[in-house]
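Student:
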Amino acid sequence: MPHHPVLTGDRASEWLGISVQRADPGHCVISMVVREEMRNGFGIAHGGMVFALADSCFAMTCNDPDPDGTTMTVAQGVDINFLSSAHPGQTLVAEGRRIAVAGRSGLCDITVSTQEGEVIAQFRGRSRTVPRRKKA
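The UniProt record's numbering numbers the first residue of the sequence shown as 1 and each following residue consecutively.
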């Protein structure tokens, strides 16, 4: 199964149970199963869980491998539109594509769908490449 360096030490994505199907520069496909503890009071997937899946996909889509480890690409703003609901037991697939890069800024689109292809959410992320800070 493919791996992306941005997942190293990413405890949130690990807790979500995210698996990587594809990780190429500017293109990523990941998935997770909606678990019972991810549902809201209406019994459907909490929007924050769907957002977290899309955000993890965004991180992998906008971060190309940095051979010298001096930079990282982070979110500077995002929008998400929820189009349908997801339910416990469903597998959600997030596919991200880098749309544009201009200097240190970038734009990525992420679509979250069920395995059957029903679109659950559309996420647009604006990124910024910044110097990597040393860990304290």
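Note that CB positions come from ideal geometry on N, CA and C, so glycine has one too. If you're wondering where the values come from, they're calculated on a predicted model, not measured in any experiment.
(1) Could you check if Gly125 is buried or exposed, using at least 16 other CB atoms within 10 Å of its CB as the buried criterion?
(2) Go ahead and pull the three-state DSSP assignment for Ala59.
(3) Going straight from the alpha carbon of Gln21 to that of Thr61, what length do you get?
(4) If you run the structure through DSSP and keep just helix, strand and coil, what is Pro131?
(5) Below 8 Å, how does it come out for the region 99 to 119 and the region 35 to 45: are there three or more Cβ pairs, yes or no?
(6) Looking at Glu14 and the ligand SAM, is the gap between the Cβ and the nearest heavy atom below 6 Å?
(7) Provide the residue(s) that pair with Ala94 in DSSP beta bridges, ordered along the chain.
(8) Under a three-way DSSP split, which group does Gly77 fall into?
(9) Hey, would you say Gln115 sits closer than 7 Å to Val34, going by beta carbons?
(10) At the level of alpha carbons, what is the spacing between Leu7 and Glu14?
(11) Comparing alpha-carbon positions, which option in Gly117, Gly17, Gly9, Arg128 lies nearest Ala75?
(12) Return helix, strand or coil for Ala23, following the three-state DSSP convention.
(13) Per DSSP, what are the beta-bridge partners of Met72 in this structure?
Tutor: With the given structure in hand:
(1) Result: buried.
(2) Helix at Ala59.
(3) In this structure, the alpha-carbon of Gln21 lies about 13 Å from that of Thr61.
(4) In this structure, Pro131 counts as strand in the three-state DSSP scheme.
(5) No, because fewer than three Cβ pairs between the region 99 to 119 and the region 35 to 45 fall closer than 8 Å, the two stretches do not touch.
(6) The model depicted lacks the ligand SAM and carries no ligand whatsoever.
(7) Per DSSP, the beta-bridge partners of Ala94 are Ile30, Val112.
(8) The three-state secondary structure of Gly77, taken from DSSP, is strand.
(9) Contact: no.
(10) Cα to Cα, the separation comes out at about 8 Å.
(11) Of the candidates Gly117, Gly17, Gly9, Arg128, the one whose C-alpha sits nearest the C-alpha of Ala75 is Arg128.
(12) Strand.
(13) Bridge partners of Met72: Val130.
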